[in-house]
Structures are given as C-alpha cells and as structure tokens.
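Novice: In terms of this note's numbering, the sequence shown opens at residue 50 and continues consecutively. Glycine included, every Cβ here is placed at the ideal spot set by N, Cα and C.
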Amino acid sequence: VQVECSEGVRHLGTPLWAPQEGRVDHGIIKRYTPINESPGAAATATLVEVPQRFTVLAAIATTHDDLDAASAAMQMLRETGRLGADALLSERCQERAQARREIRASVRVGTDFQLLAPEIVLPRLRRPDGYYSDVPLCTVLGTKLWFQDAGLWHNDFHFNELRAESMLILGQTDELLPYCELVRNLLPMVEENAHDVYGLPGGMYPLVHFPLRTRGICHANLTWEQDIGLNGLVSKPLWLYFRHTGDVEYLRQTAWPVLESCARFCRAYLSEGEDGYLHIVPTVSPEHWGLTADFERNRDCLSALTLVKYLFKAAAEAAEILGVDTGEAAEWLRAAVRLVPYPTCQTDEGPVWVDVAGAPPIEYNVPVPLANVFWGDDVGLDSAPEVLTLARRTMQQLRIWKPHSGYMDSCIRNRLGVWKDRATLQPENFLVSYQSIHIFPCVPPEGEIAMENFAAEGGFLVSAVRTADGQVEDLRILSRLGGLCRVANPWPHREVVVESEGADSVVAFVPGQAYVEFATQPGCGYEICAR
50 VQVECSEGVR HLGTPLWAPQ EGRVDHGIIK RYTPINESPG AAATATLVEV
100 PQRFTVLAAI ATTHDDLDAA SAAMQMLRET GRLGADALLS ERCQERAQAR
150 REIRASVRVG TDFQLLAPEI VLPRLRRPDG YYSDVPLCTV LGTKLWFQDA
200 GLWHNDFHFN ELRAESMLIL GQTDELLPYC ELVRNLLPMV EENAHDVYGL
250 PGGMYPLVHF PLRTRGICHA NLTWEQDIGL NGLVSKPLWL YFRHTGDVEY
300 LRQTAWPVLE SCARFCRAYL SEGEDGYLHI VPTVSPEHWG LTADFERNRD
350 CLSALTLVKY LFKAAAEAAE ILGVDTGEAA EWLRAAVRLV PYPTCQTDEG
400 PVWVDVAGAP PIEYNVPVPL ANVFWGDDVG LDSAPEVLTL ARRTMQQLRI
450 WKPHSGYMDS CIRNRLGVWK DRATLQPENF LVSYQSIHIF PCVPPEGEIA
500 MENFAAEGGF LVSAVRTADG QVEDLRILSR LGGLCRVANP WPHREVVVES
550 EGADSVVAFV PGQAYVEFAT QPGCGYEICA R
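1. In chain order, what residues of the same chain lie with their CB nearer than 7 Å to the CB of Arg149, ignoring the 5 residues before and after it?
2. Could you give the first and the last residue of the continuous alpha helix (DSSP H) run that contains Gly352?
3. Hey, how far is the Cα of Tyr247 from the Cα of Cys311?
4. Does Gly71 come out as helix, strand or coil in the three-state DSSP assignment?
5. Thinking C-beta only, is Pro560 closer than 8 Å to Arg535?
6. Buried or exposed: which applies to Cys54, given that a residue is buried once 16 or more other Cβ atoms fall within 10 Å of its Cβ?
7. Starting from Gly532, trace the beta strand (DSSP E) both ways and give me its first and last residue.
8. Which one of Leu256, Trp450, Gly278, Leu382 has the shortest CA to CA distance from Ala269?
9. Mark Lys362 as exposed unless 16 or more other C-beta atoms lie within 10 angstroms of its C-beta, in which case mark it buried.
10. Determine the DSSP secondary structure at Trp338, reduced to helix, strand or coil.
11. Quick one: what's Met500 bridged to in DSSP?
12. Run through DSSP, which three-state label would Ala136 get?
13. Tell me the start and end of each unbroken alpha helix (DSSP H) in the region 234-292 that is at least 4 residues and wholly inside, in chain order.
14. Verify the contact flag: Ser482, CB atom, against every heavy atom of the ligand HEM, threshold strictly below 7 Å.
15. Which of the three DSSP states is assigned to Thr294 in this structure?
16. Indicate the three-state DSSP secondary structure (helix, strand or coil) for Ser432 in the structure shown.
17. For Ala110, which residues from the same chain have a beta carbon less than 7 Å from its beta carbon, with the 5 sequence-adjacent residues on both sides left out?
18. Less than 8 Å separating the beta-carbons of Trp402 and Leu465?
19. Quick one: is Ile152 buried, meaning 16 or more other Cβ sit within 10 Å of its Cβ, or exposed?
20. Which of helix, strand or coil does DSSP assign to Asp178?
21. In its own chain, which residues sit with a C-beta less than 6 Å from the C-beta of Gly251, not counting the 5 before and 5 after it?
22. If you follow the alpha helix (DSSP H) that Phe558 is in, where does it begin and where does it stop?
23. Quick one: what's got a C-beta closer than 8 Å to Gln275's C-beta in the same chain, skipping five residues either side?
24. Assuming Val52 and Ala94 make a contact with CB atoms under 8 Å, what is their CB distance in whole Å?
25. In this structure, does DSSP put Asp458 in helix, strand or coil?
26. So Pro392 and Asp349 are in contact, right, with Cβ under 8 Å, and what is the actual spacing, rounded?
27. Note down, in chain order, each residue of its chain lying with its Cβ closer than 8 Å to the Cβ of Val555, except the 5 sequence neighbours on either side.
28. Using the C-alpha atoms, what's the distance from Val422 back to Ser337?
29. Skipping 5 residues on each side, what residues in its chain have a beta carbon closer than 6 Å to that of Tyr456?
30. Sort Ala440, Ala537, Arg80 by Cα distance to Pro490 and report the nearest one.
31. Can you name, in chain order, every residue of its own chain whose Cβ lies under 7 Å from the Cβ of Arg441, other than the five neighbours on each side?
32. Taking only three categories from DSSP, how would you classify Cys491?
33. Note down the Cα distance separating Pro335 from Glu210, rounded to an integer number of angstroms.
34. Taking DSSP as the reference, what is the three-state secondary structure of Arg301?
35. Please return the same chain residues whose Cβ sits closer than 8 Å to the Cβ of Thr473, not counting the five positions on each side in sequence.
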C-alpha cells in the first residue's frame with residue numbers, strides 16, 4: 050500500500066455550488082465559497098496489488114473527541130485492529146439491536162399515509178464538558194442542512210418557538226431528555242439574569258441560547274427577550290417529560306428547580322391592577338410590535354398570560370407531588386386564577402382574541418392569539434362551548450406569516466377539532482391529552498385509521514381503530530403509571546364498558562356521558578368498547 054498525505058491543500062473534493070449564496074429564503078443561508086476555498090488535509094491510499102478480499106478500517110476523530118484528534122484516531126485504530134473486523138461488526142449489530150425502541154408508536158391512514166416513531170433511539174451525545182451534536186427542539190434548522198461550517202454546533206434555540214408534544218406522543222422521551230438537562234444546567238445563569246437585569250428573585254430565561262460555555266446568558270435580542278412568557282415555554286417540556294414518565298427523581302433533580310425558579314420570578318413580576326386583576330407589564334408579543342411608547346402594545350400579551358398560568362399550575366402540582374412546602378405553591382394557584390382575561394377585539398363576526406391588550410388583529414409571525422390553545426393548554430375540546438366558539442372564530446380570521454403557516458396544521462386545527470382537506474397530518478391529529486384523552490380529534494373523514502401505542506399525558510399508551518365508515522373500534526389503553534384515566538367518550542349515545550386485562554374488573558357507563566373515567570393500575574391494560 051502506498052499512502053500519500055497532503056496538508057494545507059485547497060480545492061479538495063467536489064466543490065459545493067449554488068446559483069445564489071447568502072440569504073436565499075427565510076432560514077436558508079448558503080455560504081459555499083468559504084468552504085470551497087478553505088485549506089484541508091487528505092490522505093490517499095493506493096493498493097499496489099489488489100487482493101481478492103481486504104478490509105479497510107477508518108477512524109474519524111475531531112477536536113470534539115480529543116484536543117489531539119490524531120492520537121485519538123490512532124488509538125481507535127489500534128483498538129479496532131486488536132478487536133478484528135468481524136468482532137467489530139458483531140458489536141455494532143448488538144448495539145443497534147439494543148437501541149431499537151421497545152414500544153414503537155405508529156399510525157396508518159388508509160394505504161397512503163403512515164407515521165412511525167423512529168426505530169432507533171439515538172445515542173446520548175452529550176459530553177460532560179459541553180454539548181456534542183444536536184439537542185432536540187431546536188427551531189432554527191441545522192446549518193448542516195446547507196453545508197455551513199458556521200459554528201461548533203448545528204442549531205440555536207429560539208426559546209419562543211418550542212413545542213415538545215409531537216416527540217412525546219411518539220414516545221421519544223429519551224430523545225427529549227438532553228433538552229431538559231440543558232435547561233436545568235442554564236438555571237444558575239438565568240437566576241443571575243433575573244437578579245442583575247430585573248432585580249427580582251427566581252430566574253428569567255433568555256430568547257436564544259447556544260450550548261457553549263458562557264459567562265451568563267446570551268443576550269441576542271433585547272426586545273424579544275422581554276417576553277415574560279418565555280419562562281413558561283422553556284420549562285413546559287420539562288414538566289411534560291414528567292407527565293409522560295412519572296419519574297419522581299427526575300422531577301426532584303431536574304424539573305422542579307426550574308419550575309420553582311421560573312414561577313418565583315413570574316409571581317414577583319406581576320403587578321396589581323385597580324381592576325382587581327394581576328397584569329403583566331411590560332412584556333412583548335413574540336414577535337410583534339416591539340417595545341412601544343408608554344408600553345402601549347406591551348400590556349398583558351396573551352401568550353405570556355397563558356404560559357404564566359400554565360407555569361404556576363405545573364409548579365404548584367410539582368410541589369405537591371414532591372411534598373415541598375415552600376409556602377409559595379398556594380400563592381401560585383391564586384395568582385393563576387387572578388390573571389387578567391385574555392385580550393380580545395370586536396369584529397363584525399364577534400369578538401376574537403388578539404396578541405396584546407388594545408391591539409387590532411394583524412398578520413402574525415407566531416399565532417399568538419391562539420397561544421392559549423397550542424402553548425398554554427388552557428383552551429381545547431373540553432372547554433366550555435362559548436370558549437371553543439371564540440377560539441374557532443379567532444382561528445378562522447387569523448392571518449399568519451406564510452413561513453410560519455405550519456402552526457395551523459401542526460397544533461391549532463387538530464387541537465380545536467377542525468379538519469381541513471389535504472392538511473398535513475401530525476401526531477396531534479390522532480391523539481390529544483392535555484385536557485382529557487381525545488381519540489382521533491382531527492382526522493380525514495374517509496379511510497380506515499389504525500393507531501398503536503400513541504402516548505398520552507399521565508403515562509398512558511393508546512391504541513385504536515377508526516373504521517372507513519367513521520366508527521371507533523378496538524380502543525385499548527395501557528396504563529404505565531396507574532392513576533385516573535379520563536377519555537372523551539367516542540360513543541356518547543351508547544352504553545360503554547371498560548374491561549381490564551383478564552376481565553378482573555368491568556366498569557359500565559350508561560348512555561349520555563361525555564367522558565369515560567376510571568381508575569387504573571400500573572402496567573395494566575384496558576379495553577373500552579360500546580354495547
């Protein structure tokens with residue numbers, strides 16, 4: 050074998066090309082010229098005599114793995130050489146088998162659509178000395194998609210665009226955990242931010258963060274950073290992780306410190322109004338109006354109101370579960386009730402929600418007027434009829450900036466049960482559970498639908514079939530944690546029976562009941578059917 054090594058050589062490999070560089074579209078930036086013109090290193094191995102069978106072992110190491118990447122690569126090659134190619138292949142196959150998801154969520158609609166949870170649970174790539182590779186819930190797509198070597202890490206978090214529900218419905222709790230740990234690790238810095246910037250107790254999370262070692266948080270945009278709903282949005286996935294797993298030790302060590310600190314800050318930030326309500330002033334609507342004179346458009350933003358309410362309730366429930374009597378939990382619940390009502394604007398069709406008090410409807414970057422539906426979990430199919438009517442009226446009149454129009458299909462129409470022809474199907478079209486468990490809340494009217502192992506809050510796995518003629522059948526629920534299960538009744542005009550595995554117990558519900566509610570045991574399955 051003849052090996053030729055080159056260092057500092059330009060124009061290695063096939064050059065990247067695009068008809069246009071720079072900002073091509075929203076979120077798409079192509080910078081190929083710096084990559085093409087950068088010097089690099091290469092090694093070329095030439096086989097003088099080609100044997101009938103041979104093995105090539107290649108080790109790839111970067112300074113993410115070791116500051117001395119070359120030594121790290123050589124060490125890997127020595128270990129692999131001792132192990133042998135066959136043993137290495139066997140080891141990798143075993144690792145892949147162990148990484149297969151034990152319970153895999155899936156749904157099929159007719160013969161044309163199928164949605165599956167990823168087969169493989171990706172390995173934990175977090176390193177003790179920093180973050181290696183991507184962390185879930187990034188909202189600015191990876192620079193790697195556009196061949197950019199712009200930073201050590203592929204994405205950045207826009208904390209005002211987070212949602213974890215789709216991952217959790219598909220059972221991807223393991224993949225979500227690195228995000229939860231990142232948020233927990235930021236806590237000392239956000240508490241410093243609350244003290245230094247606001248002079249308040251607790252912690253206040255920023256708009257953007259990069260998982261790099263920093264002295265304090267990253268102040269990327271001082272205007273949008275004043276969105277007081279950020280604390281609720283950042284901490285919500287941590288609470289949802291617990292709601293799906295029931296991991297009390299995780300709640301104690303990871304989620305609770307964040308929930309407590311965020312709730313403490315938000316309670317201190319609220320101001321008493323002469324109307325008897327608690328107000329949030331100033332705050333900003335993500336991302337509209339900016340900071341305005343006399344805070345005219347910075348009062349009682351709907352997304353901040355609903356997320357602070359969610360945060361207060363979650364923190365109080367976490368305190369109760371852990372038996373932590375801080376004396377604050379009861380006040381958080383009182384404050385959640387006393388928050389000013391969501392801002393509205395009168396239209397010819399009736400009132401609609403708007404993003405901030407006193408503002409007219411506009412074209413929204415983020416559909417803030419319905420944040421109480423898709424962020425705060427305060428409005429949904431179990432809400433009072435007049436509230437649901439108001440939500441749907443707001444949705445019908447809502448104008449959203451085109452690059453963000455996906456919110457409508459991904460987390461608004463499905464949560465309000467409003468099907469739109471040719472809508473993009475998402476996990477929440479088949480199951481929502483932030484109020485009661487709703488089976489097939491927003492699905493195509495035609496075709497058989499078969500759903501298996503979709504995860505609901507409370508630790509339930511739900512499976513069901515919707516027949517081609519629209520009937521729900523074969524409804525099965527596995528309770529992983531025990532506790533009360535509450536299902537929106539798919540057959541409200543018929544008698545419903547809940548039968549546990551082995552027919553150990555049977556619960557019957559007479560016709561006319563909107564919900565099927567029954568106690569469950571951990572690890573026990575239940576069949577629900579109409580008679």
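Specialist: Taking the structure as given:
1. Excluding residues within five positions, the ones whose Cβ falls inside 7 Å are Glu168, Ile169.
2. The sequence given here has Ser at residue 352, not Gly. Taken as a continuous stretch (DSSP letters only), the alpha helix (DSSP H) holding Ser352 covers 351-371.
3. Spanning the two alpha carbons is a distance of roughly 13 Å.
4. The DSSP-derived three-state label of Gly71 is strand.
5. Contact flag unset, no.
6. With fewer than 16 Cβ atoms within 10 Å of its Cβ, Cys54 is classed as exposed.
7. First-last of the beta strand (DSSP E) with Gly532: 532-537.
8. The shortest C-alpha separation from Ala269 is found at Leu256.
9. Using a 10 angstroms sphere on the CB of Lys362, the tally of other CB atoms reaches 16 or more, which defines it as buried.
10. Of the three classes helix, strand and coil, the one that applies to Trp338 here is coil, per DSSP.
11. Looking at the DSSP assignment, Met500 forms a beta bridge with Val156, Ala513.
12. Secondary structure at Ala136: helix, using DSSP grouped into helix, strand and coil.
13. Counting whole runs of 4 or more residues, the region 234-292 contains the alpha helix (DSSP H) stretches 236-242.
14. Absent from the structure shown: the ligand HEM. Ligands present: none.
15. DSSP places Thr294 in helix when its eight states are reduced to three.
16. In the three-state scheme derived from DSSP, where H, G and I count as helix and E and B as strand, Ser432 is classed as coil.
17. These residues qualify, in order along the chain: Ala118, Ala121, Ala122, Met125.
18. Inclusion of Trp402 and Leu465 in the CB contact set at 8 Å is not warranted, their separation being larger than that value.
19. Per the 10 Å Cβ criterion, exposed.
20. Here the model assigns Asp178 a pLDDT of 44, short of 50, so the residue's position is not dependable, and the following value carries that caveat. In the structure shown, Asp178 sits in coil (DSSP, three-state: anything other than H, G, I, E or B).
21. Scanning its chain for C-beta atoms nearer than 6 Å, with the 5 sequence neighbours on each side dropped, one finds around Gly251 the residues Ala243, Ser310, Arg313, Phe314, in chain order.
22. Counted as a single uninterrupted DSSP element, the stretch harbouring Phe558 is not any alpha helix (DSSP H) but the beta strand (DSSP E) occupying residues 555-558.
23. Leaving aside the five residues that flank Gln275 on each side, the residues in its chain whose CB is nearer than 8 Å to its CB run, in chain order, Pro331, Thr332, Val333, Leu340, Asn347.
24. Right, their Cβ atoms sit about 5 Å apart.
25. In this structure, Asp458 counts as helix in the three-state DSSP scheme.
26. Between Asp349 and Pro392 the Cβ distance is about 6 Å, and since that is below 8 Å, they are a contact.
27. Excluding positions up to five away in sequence, the list reads Val546, Val547, Glu548, Ser549.
28. Residue identity differs from the one stated: residue 337 is His in this sequence, not Ser. Cα to Cα, His337 sits roughly 19 Å from Val422.
29. So the qualifying residues of the chain are Pro416.
30. Closest option to Pro490, judged by alpha-carbon separation, among Ala440, Ala537, Arg80: Ala537.
31. Taken in chain order, the residues that qualify are Leu465, Val467.
32. Residue state for Cys491 is assigned as coil, using DSSP reduced to three classes.
33. Taking the Cα positions, Pro335 is about 9 Å away from Glu210.
34. Reduced to three states, the DSSP call for Arg301 is helix.
35. So the qualifying residues of the chain are Gly455, Asp458, Ser459.
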